[in-house]
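Asker: Numbered by this note's numbering, the letters in the sequence shown go through residues 1 to 106 in order. Backbone N, C-alpha and C define an ideal beta-carbon position, used for all residues, glycine too. This is the structure, below, for whatever I ask next.
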Amino acid sequence: MDFRELERKVVAFRDARDWKRYHTPKNLAISAAVELGELLEHFQWETDEDIMNYVKDQEAKEAVADEIADVIIYLTLLAHELEIDLDEAVERKLRKNEEKYPVRGD
1 MDFRELERKV VAFRDARDWK RYHTPKNLAI SAAVELGELL EHFQWETDED IMNYVKDQEA
61 KEAVADEIAD VIIYLTLLAH ELEIDLDEAV ERKLRKNEEK YPVRGD
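Have a look at this one:
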């Protein structure tokens, strides 16, 4: 699934429930931040090794995946409302990063 298809699905889900009126850019940005905070709760005070062991449990991994999905859903809706093409934006940002951080030979 590409970002355009994801956007279509997320917007259709939202519109079927008449939630658009709540999905202002400010509210969507806040919601993405809240969901990111919920994701971070799974990792707070843990080492990287603890986290990798934690997600070996399928229920824990699904809970983390759900939080990541929530963040992506809100950011997709935010991009939709701001008329930002995510495919284009990500490609452009990757190009900028390639220029800013070139691969260095050893």
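What three-state label does DSSP hand Ile51 in the structure shown?
Answerer: Looking at Ile51 - three-state DSSP - the assignment turns out to be helix.
Asker: Taking its Cβ as the centre, do 16 or more other Cβ atoms sit within 10 Å of Ala32, making it buried, or is it exposed?
Answerer: Classification of Ala32: buried, given that the 10 Å Cβ count is 16 or more.
Asker: Whether or not the segment 60-69 and the segment 9-17 are in contact is what I'm after, with contact meaning three or more pairs of Cβ atoms, one per stretch, closer than 8 Å; do they touch?
Answerer: The segment 9-17 is not in contact with the segment 60-69.
Asker: What is the DSSP secondary structure of Glu59, counted as helix, strand or coil?
Answerer: Reduced to three states, the DSSP call for Glu59 is helix.
Asker: So for Val103, helix, strand or coil by DSSP?
Answerer: Val103 falls in the coil class under three-state DSSP.
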